[in-house]
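Asks: Under numbering that gives the first Met the number 0, the first residue of the sequence shown is numbered 0, with each subsequent residue one higher. The beta-carbon is built from N, C-alpha and C at its ideal position, and this holds for glycine as well. Remember, it's a predicted structure, so these values are computed and weren't measured experimentally. Supplied in structure tokens, the structure appears directly below.
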Amino acid sequence: MRRNFEKLFREELHQRRQKKRKRIVWIIGALLLIGIIFKGVAYFLHQSNPNFRISYLDWSSIILLLSIVALICIFGLIFYLIKNKPSRKNYESLLLKLQIPILRHIGSIKYKYLLGYTLLLIAIIYQANPPLFTNPINNIIVNIIYKPKAPVLNSPWPWKNNATIHPIIANMPSEVETSIKSVAKYVVSKEPNPYLRVKALHDYVVSRTSYDLEVLKTGTRPAQDAETVFFSHKAVCEGYANLFKALGRAMGIDVAYVEGTIRRDLVPKELISQYLRVLNSDYDWTLHAWNAVKIYDNWQLVDTTWDDGDSSYSADYFLPPAKVMIMSHFPHQEVWQLLDHPKSKNNFEENPILTPQFFIEDLTLISPNKYQTTVRKTASIKIQSPQGYNKDILAAFTKIKEDKPSFWKLPEASKVSQDKLQKCESKRNLSGETQIFCQFPKPGNYQVIVVSRGQKVDFIGQLKFHAV
Numbered sequence: 000m001r002r003n004f005e006k007l008f009r010e011e012l013h014q015r016r017q018k019k020r021k022r023i024v025w026i027i028g029a030l031l032l033i034g035i036i037f038k039g040v041a042y043f044l045h046q047s048n049p050n051f052r053i054s055y056l057d058w059s060s061i062i063l064l065l066s067i068v069a070l071i072c073i074f075g076l077i078f079y080l081i082k083n084k085p086s087r088k089n090y091e092s093l094l095l096k097l098q099i100p101i102l103r104h105i106g107s108i109k110y111k112y113l114l115g116y117t118l119l120l121i122a123i124i125y126q127a128n129p130p131l132f133t134n135p136i137n138n139i140i141v142n143i144i145y146k147p148k149a150p151v152l153n154s155p156w157p158w159k160n161n162a163t164i165h166p167i168i169a170n171m172p173s174e175v176e177t178s179i180k181s182v183a184k185y186v187v188s189k190e191p192n193p194y195l196r197v198k199a200l201h202d203y204v205v206s207r208t209s210y211d212l213e214v215l216k217t218g219t220r221p222a223q224d225a226e227t228v229f230f231s232h233k234a235v236c237e238g239y240a241n242l243f244k245a246l247g248r249a250m251g252i253d254v255a256y257v258e259g260t261i262r263r264d265l266v267p268k269e270l271i272s273q274y275l276r277v278l279n280s281d282y283d284w285t286l287h288a289w290n291a292v293k294i295y296d297n298w299q300l301v302d303t304t305w306d307d308g309d310s311s312y313s314a315d316y317f318l319p320p321a322k323v324m325i326m327s328h329f330p331h332q333e334v335w336q337l338l339d340h341p342k343s344k345n346n347f348e349e350n351p352i353l354t355p356q357f358f359i360e361d362l363t364l365i366s367p368n369k370y371q372t373t374v375r376k377t378a379s380i381k382i383q384s385p386q387g388y389n390k391d392i393l394a395a396f397t398k399i400k401e402d403k404p405s406f407w408k409l410p411e412a413s414k415v416s417q418d419k420l421q422k423c424e425s426k427r428n429l430s431g432e433t434q435i436f437c438q439f440p441k442p443g444n445y446q447v448i449v450v451s452r453g454q455k456v457d458f459i460g461q462l463k464f465h466a467v
């Protein structure tokens with residue numbers, strides 16, 4: 000009896016070990032399958048969008064991939080059940096095999112402890128990365144309210160036939176400017192064309208508002224609501240966007256307020272007081288706000304703040320193509336990129352900085368394809384111009400000075416030195432390709448500014464090179 004019991008015990012122990020090994024094999028196989036599917040989907044996405052990289056996966060991409068994996072598993076299970084038609088007993092056995100061992104142990108944990116552990120895990124993840132929760136929620140809200148999509152129609156940008164302030168705004172009687180509603184009503188009554196009506200709105204905000212530089216000097220931010228900005232005529236980006244939104248809605252136009260960031264190297268650090276940067280060392284100076292506006296059922300982008308950059312009129316950031324706006328503006332909500340293939344934050348920062356003027360002149364950057372490139376003493380830039388192009392493309396470089404940190408001086412990792420700009424060599428061939436060579440005198444980091452010169456000089460691009 001004892002021997003039989005010992006034999007049965009060993010057989011039972013052997014069977015359990017075999018089951019355990021099978022489960023381990025199942026888990027490893029499932030993980031390998033998920034990895035293969037993940038790689039396959041990533042390859043497919045890369046083929047449809049060459050800018051896509053595995054390292055650039057954002058939250059929405061991960062959700063997409065996990066959803067695809069879950070659907071494949073569900074369809075695989077349904078196909079198995081249809082083909083084999085297992086009995087109820089075999090069906091329960093199949094479900095038991097598919098269970099991961101740890102899931103069975105979770106069932107023995109009391110619900111209050113399980114809930115507590117879950118909430119603690121969520122709190123830790125939220126503390127480490129709040130956008131992981133806020134961005135998907137905000138994306139859902141934006142999609143429900145605005146339903147933004149990549150525009151199908153092209154706007155009249157660039158505004159070559161309307162390259163000045165709208166006559167309605169230039170000649171607006173002073174008695175009209177008593178309220179936001181009064182201005183909106185006046186513009187609607189005078190301008191029937193939807194595009195020119197929104198242009199009048201853009202021109203009003205740009206011409207009647209000045210950037211409040213005192214905010215950058217003192218850190219004191221006055222109220223930025225639309226009413227305050229309308230009467231004070233001063234604002235930062237938030238106020239510009241709020242006033243544009245309020246005027247647009249008073250005109251019966253769909254307008255959205257868009258929050259995001261700009262390129263790090265486009266932050267006007269020279270305008271921000273040094274003590275303010277020291278006191279707010281953890282503040283993200285790339286934060287920015289702009290607008291989206293719906294015309295003919297197509298969403299377009301507008302940045303009145305950046306069009307108010309100098310004394311001359313500008314509409315460079317009024318309804319530009321989405322591919323132009325993404326060169327410098329990265330919205331927190333991915334849908335406001337208005338691109339068929341949205342960019343990741345890493346891809347956004349790695350792209351060369353090209354201005355709207357670059358696209359207005361119909362130029363193409365052949366190389367380099369990244370903002371910062373490592374070279375051996377000499378940098379090479381190739382730009383293709385269209386047929387009949389009658390401007391010269393030139394470039395100059397300056398060394399980026401690395402500041403040593405001190406108590407009295409705020410360190411800046413990429414401050415351009417005040418040394419004189421050094422000209423790069425520029426050659427243009429018969430096919431319209433301009434090749435630029437920048438000969439760096441010694442190793443270090445350099446910034447290259449690219450311009451086009453005709454009747455006037457226009458800034459068209461900016462690149463960085465690390466010379467070794």
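Which runs of the alpha helix (DSSP H) at least 4 residues long sit entirely within the region 150-192? Give them in chain order.
Replies: Runs of the alpha helix (DSSP H) inside the region 150-192: 166-169, 179-189.
Asks: Does the CB of K6 have a neighbour CB from chain B at under 7 Å?
Replies: In summary, chain B is missing from the structure at hand, where a single protein chain is found.
Asks: My understanding is that K198 touches H165, with C-beta atoms under 8 Å, so please give their C-beta distance in whole angstroms.
Replies: Within the sequence shown, numbered from 1, the residue matching residue 198 stands at position 199. Within the sequence shown, numbered from 1, the residue matching residue 165 stands at position 166. The pair is a contact, with the Cβ atoms about 6 Å apart (cut-off 8 Å).
Asks: Could you check whether I294 and P193 sit closer than 7 Å to each other, using their CB atoms as the reference points?
Replies: One-based indexing of the sequence shown puts residue 193 at position 194. One-based indexing of the sequence shown puts residue 294 at position 295. Yes. Within cutoff.
Asks: Secondary structure at N444, three-state DSSP: helix, strand or coil?
Replies: Numbered from its first residue, the sequence shown carries residue 444 at position 445. The answer is strand: DSSP assigns N444 an E or B state.
Asks: Identify the continuous beta strand (DSSP E) that holds T433 and give its terminal residues.
Replies: Here residue 433 corresponds to residue number 434 of the sequence shown, with the count starting at 1. 432-438 is the span of the beta strand (DSSP E), which, as asked, contains T433.
Asks: Once the 5 residues before and after D361 are set aside, which same chain residues still bring their CB inside 6 Å of it?
Replies: Against the sequence shown, residue 361 aligns to sequence position 362. Cβ within range, chain order: P385.
Asks: Can you give me the start and stop residues for the alpha helix (DSSP H) that V228 sits inside?
Replies: What you label residue 228 is simply residue 229 of the sequence shown in a count that begins at 1. Note, V228: alpha helix (DSSP H), 225-231.
Asks: Compare the C-alpha of K390 against each of K398, T433, P351, Q371 and name the closest.
Replies: The sequence position of residue 390 within the sequence shown is 391, counting from 1. Minimum Cα distance to K390 is reached at T433.
Asks: In whole angstroms, give me the CA-to-CA distance for H465 and A321.
Replies: Taking the first residue of the sequence shown as 1, we reach residue 465 at position 466. Taking the first residue of the sequence shown as 1, we reach residue 321 at position 322. Near 30 Å, if we compare the C-alpha coordinates of A321 and H465.
Asks: When DSSP builds the beta bridges, which residues end up paired with R452?
Replies: Here residue 452 refers to the residue found at position 453 of the sequence shown. Looking at the DSSP assignment, R452 forms a beta bridge with D391, V456.
Asks: Would the beta-carbon of L429 fall within 7 Å of that of T397?
Replies: Within the sequence shown, numbered from 1, the residue matching residue 429 stands at position 430. Within the sequence shown, numbered from 1, the residue matching residue 397 stands at position 398. Result no, Cβ atoms of L429 and T397 do not sit closer than 7 Å.
Asks: Under the three-state reduction of DSSP, which class applies to T304: helix, strand or coil?
Replies: Reading the sequence shown from its first residue, position 305 is the one you call residue 304. T304: coil per DSSP, three-state reduction.
Asks: What are the boundary residues of the beta strand (DSSP E) that E348 is part of?
Replies: The count along the sequence shown starts at 1 and reaches residue 348 at position 349. Counting along the chain, E348 falls outside any beta strand (DSSP E), though it belongs to the alpha helix (DSSP H) covering 344-349.
Asks: Could you name the residues of the same chain whose beta carbon sits closer than 6 Å to that of R427, not counting the 5 residues immediately before and after it, in chain order?
Replies: Within the sequence shown, numbered from 1, the residue matching residue 427 stands at position 428. Answer for R427: T433, listed in chain order.
Asks: Keeping to the same chain, check which residues put their C-beta closer than 7 Å to that of L200; ignore five residues upstream and five downstream.
Replies: In the sequence shown, the residue the question calls residue 200 occupies position 201. These residues qualify, in order along the chain: V186, F243, L246, G247, M250.
Asks: Okay, do the region 168-179 and the region 210-224 touch, 3+ Cβ pairs below 8 Å being the bar?
Replies: In short, these stretches do not touch, since the Cβ pair count stays below three.
Asks: How many Å lie between E11 and W25 at the Cα?
Replies: To locate residue 11, count along the sequence shown from 1; it is residue 12. To locate residue 25, count along the sequence shown from 1; it is residue 26. Whole-angstrom Cα-Cα distance: 21 Å.
Asks: Considering only the alpha carbon of each residue, which of A162, R207, E190, P157 lies closest to T177?
Replies: Residue mapping note: residue 177 aligns to position 178 of the sequence shown, counting from 1. Of A162, R207, E190, P157, the residue nearest in Cα terms is R207.
Asks: Between I399, A395, F439, which lies nearest to S425 when the distance is taken from Cα to Cα?
Replies: Looking up residue 425 in the sequence shown gives position 426. When each option's Cα is compared against that of S425, the closest is A395.
Asks: May I ask you to verify whether the region 326-344 touches the region 271-278, counting CB pairs closer than 8 Å and requiring at least 3?
Replies: The region 326-344 vs the region 271-278: no contact.
Asks: Would you mind sorting L318 into buried or exposed? The rule is 16 or more other CB atoms within 10 Å of its CB.
Replies: Within the sequence shown, the letter at position 319 stands for residue 318. By the neighbour-count rule (16 or more Cβ atoms within 10 Å), L318 is buried.
Asks: Look at the alpha carbon of K441 and the alpha carbon of S379, and state the distance between them as a whole number of angstroms.
Replies: As a position in the sequence shown, residue 441 is number 442, starting the count at 1. As a position in the sequence shown, residue 379 is number 380, starting the count at 1. Roughly 16 Å separates the two Cα atoms.
Asks: Are L353 and G259 closer than 7 Å when you measure CB to CB?
Replies: Stepping through the sequence shown from its first residue, residue 353 is reached at position 354. Stepping through the sequence shown from its first residue, residue 259 is reached at position 260. No, these two residues do not count as a Cβ contact at 7 Å.
Asks: Rounded to whole angstroms, what's the CA-CA distance from P150 to Q299? Just pull it up for me.
Replies: Residue numbering aside, residue 150 sits at position 151 when the sequence shown is read from its first letter. Residue numbering aside, residue 299 sits at position 300 when the sequence shown is read from its first letter. Distance between the alpha carbons of P150 and Q299 is about 7 Å.
Asks: Looking at the structure shown, is Q356 part of a helix, part of a strand, or coil, going by DSSP?
Replies: As a position in the sequence shown, residue 356 is number 357, starting the count at 1. Looking at Q356 - three-state DSSP - the assignment turns out to be helix.
Asks: Tell me the DSSP secondary structure of P290 in three-state form.
Replies: Walking along the sequence shown from the start, residue 290 turns up at place 291. Checking the displayed sequence, the identity of residue 290 turns out to be Asn instead of Pro. Note: N290 maps to strand in three-state DSSP.
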